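Chains as they are written, first to last, in this note's numbering: chain A, 792 to 970; chain B, 485 to 907.
Remarks on the structure that follows.
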Amino acid sequence: MLKIIKIIDDKIARAEYFVLIVLMVALTSILSLQVVLRYFFSSPLFWAEEVAVQIFICSSFVGISYLVFLGQLVRVDFIINYFTGKLRFYFELILVVVTFIVLFVICYHATEWILRPEIKMDISPTTGIPRWYNYLFLVVGFYFMSLHTFVKIITLRSCVYAGDFVLPDSNELDKEKDI
Amino acid sequence: MITALVFFTCLLIGLPIFITLLLGTLTFLWQSDLTVLMSSLPIQLYGSLNQNGLLAIPLFMLVGELMNRGGLTRRLMNSADLFVGGFKGGLAYVNLLTNAMAASILGSATAQISVMSRLMIPTMVEKGYRKEFSAAVTIAGGLLGPIIPPSMLMIIYGVVAYQPISELFIAGILPGIIIVAGFAVVIFLTGVFKGLPKGEHPQHENIIKVLLDGLLPGSIPIIIIVCIISGVMTPTEAGAIASIVSFIIGAFFYKAIKIKDLPIIFGSVAVNTATISGLIAIASVFGWALSFEGIPDMMVESITGLTDSPIIFLMLVYLLVIVLGMFLESISVMIVIVPVILPAALSYGVDPIHFGVIICLATLVGLVTPPVGPGLYIAMSASNLSMGPLFRAMIPFLLSMLFCMIIIAFFPSISLWLPSFIN
């Protein structure tokens, strides 16, 4: 079961990385095209900046979720680095549990928020498309952050049962990418 | 009080800053009986990123990434070598000048220290420079990244403080030059009192080619600055043009960027951007929550009660930001502190553009001061030095930086003279 959950987690992280690349290509293409059209053809895209900002926001939340998967969110680690062995392991476990609880609370409020009628009715002024699809990236991003954190918890828990107090490497996907 | 306790405890025990700020916000809302506002958290998170100015961040990161992959640093080093390589301690000056040139492309101190440490420290050690000194020069040079435009910190300040990013970019140029001069004096004095290896006159076979190689990437910051200063383009548009130009240079002139590299480049830009934008979003929400209880007003009152002098106020700001920067991540410090302190700065008659330069400079010191100095850690891992010797070697450069910061605080025209041409 743990193996299946980990595979799903990995697949989601891969999908996030792919989405991030697509969003970044779209963002830079739109803005570059906008500059070319404005200065060389005097016909700028009226929707370019708003769509670019929406892409930026989407990529931010997908990116944060991917960073959670990689375990690369910025943190102050000069105290925790003094701990080793079992103590360090349990410390990390507590931090991951706290992270999961905080993310779970945000998921609850984000779900409540996105289901509000006024949020569903919100329309983008330049494209005329509902903003709901854009807000969804925030909510889904937090759900994926929670999932990645949950997988970390059960991975650490399985290590406790196995009596193996070595912190698992969470960056396997990143290593593959580097290769 | 409870919020502060939760915040600092979670921060120091190693909870990610993103989660720490979220938890701090939730605790504060709960403690202040403002739980009704929790349902507004998502829209605040969304709204804090819904700003056109932030689009410049991924674009300038892309420029840095493209130029880095295109072998920028080695080419810049070779051209800097032509100018200053022959002096006593020449390689230290080459390091500094290369850093100054790279700063006008990379825009981030940690990125710059990371790139330059791998290149410069082994080269300097090989030529007989002490490892501590080599690492210290490299870190000091890396600090120029967020001062000389384009600068990620300036973009973030501009967005948080609602100030024009173009003016902030230009405002950083003269302070950047003064700091480079200050660091050059430190290298000179080190050469005089402690001795540095003699410089070697460059033996490049084709001087014209080396110069051209350096001039091509050098054209990017010129494009950015000229376009912004002439008002032809916004910083975001200048970033878009610069990324097209850097791709053309990297792919067609240097032939170092292949199409298959692009997914990795874009992936890296996206992940690095998310690191910054996540902090911006969450720190803005934390500031929003604090404002409901009038915390910023209380801080302004307590600061303004301490002194009537704008200069002493700026010195207090330096002190506060440097101390916070010793424990917190630099971007978080800026995002949390600016909305709180900017109203006080305005009440003292401090120009907001000048204040942006002051905040950026103070934030930079935190990057290289223990216990939380990412710049130090990067150079430590690249040089296998421990923190003590490295920080001791950094002290002359830090003193020079602090001296320059005081001069810049005393003379606002250093920051404001060039932006006055935009107006």
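Note that CB positions come from ideal geometry on N, CA and C, so glycine has one too.
Predicted model only: the values in this text are computed from it and were never measured.
- Taking C-beta separations shorter than 6 Å and ignoring five residues to either side along the sequence, the partners of Gly573/B in its chain run Ile671, Gly675 and Leu680, following chain order.
- Burial check for Ala593/B: the Cβ neighbour count within 10 Å reaches 16 or more, so the residue is buried.
- Residues of chain B whose Cβ lies closer than 8 Å to the Cβ of Gly854/A are, in chain order, Ala754, Val755, Thr757, Ala758, Thr759, Ser761 and Gly762.
- When DSSP reads this structure, Pro921/A sits in a beta bridge with Ile914/A.
- Check the Cα spacing between Ile527/B and each of Val930/A, Ser850/A, Met792/A and Arg829/A: the tightest is with Val930/A.
- Residues of the same chain with a CB within less than 7 Å of the CB of Ala645/B, apart from the 5 flanking positions on each side, are Val822, Leu826, Pro836 and Gly840 in chain order.
- Around the Cβ of Thr582/B, a 10 Å sphere holds 16 or more other Cβ atoms; the residue is buried.
- With distances taken between CA atoms, Lys911/A lies nearest to Pro921/A out of Thr917/A, Pro921/A, Glu841/A and Thr902/A.
- If you look at Ser524/B, you'll find it isn't in any alpha helix (DSSP H); DSSP assigns it neither H nor E.
- With contacts defined as CB atoms closer than 9 Å, Leu539/B and Leu824/A fail to qualify as a contacting pair.
- For Phe491/B, the three-state secondary structure derived from DSSP is helix.
- Glu813/B reaches chain A at Val865, counting residues in chain order whose Cβ is nearer than 7 Å.
- The straight-line gap separating the alpha-carbon atoms of Val867/A and Gly698/B is approximately 38 Å.
- With a cutoff of 9 Å on beta-carbon distance, Leu566/B and Ala586/B are scored as not near each other.
- Ranked by Cα distance from Pro648/B, the options Lys615/B, Ile713/B, Leu696/B and Val694/B are led by Ile713/B.
- Among the CB atoms of chain B, none fall inside 9 Å of the CB of Thr875/A.
- Rounded to the nearest angstrom, the gap between the Cα atoms of Ser897/B and Ile890/B is 13 Å.
- Rounded to the nearest whole angstrom, the C-alpha separation of Lys693/B and Ile733/B is 15 Å.
- One Cα belongs to Ile725/B, the other to Gly591/B, and the distance between them is close to 16 Å.
- By the 16-neighbour rule on beta-carbons within 10 angstroms, Asn690/B is exposed.
- Contact annotation: Phe617/B and Met638/B have beta-carbon atoms that are not nearer than 9 Å.
- Using a Cβ-Cβ cut-off of 9 Å, Leu803/B does not count as an interface residue toward chain A, since no Cβ of chain A sits closer than that to its own.
- In this structure, the CA atom of Pro659/B is about 7 Å from the CA atom of Ile631/B.
- Contacts with chain B at 9 Å (Cβ-Cβ) do not include Thr946/A.
- Rounded to the nearest whole angstrom, the C-alpha separation of Val856/B and Phe869/A is 7 Å.
- Arg907/A counts as exposed, since fewer than 16 other beta carbons sit within 10 angstroms of its beta carbon.
- Between Thr819/A and the set Ile862/B, Gln515/B, Met545/B and Leu533/B, the nearest pair of CA atoms involves Met545/B.
- Of the residues Phe737/B, Met608/B, Ser523/B and Ser588/B, the one whose Cα lies closest to the Cα of Ile905/A is Ser523/B.
- In the displayed model, Asn868/B falls within coil according to three-state DSSP, outside both helix and strand.
- Among the CB atoms of chain A, none fall inside 9 Å of the CB of Val670/B.
- For Thr557/B, the enclosing alpha helix (DSSP H) covers residues Leu556 to Val568.
- Rounded to the nearest angstrom, the Cβ distance from Phe770/B to Leu505/B is 5 Å, consistent with a contact under 8 Å.
- Between Ile819/B and Thr791/B, the alpha-carbon positions lie close to 24 Å from each other.
- Residues of chain A whose Cβ lies closer than 7 Å to the Cβ of Met522/B are, in chain order, His900.
- Contact between the region 505 to 516 of chain B and the region 835 to 846 of chain A is absent, with fewer than three C-beta pairs closer than 8 Å.
- In the DSSP assignment, Gly876/A falls within the unbroken alpha helix (DSSP H) covering Gly876 to Ile905.
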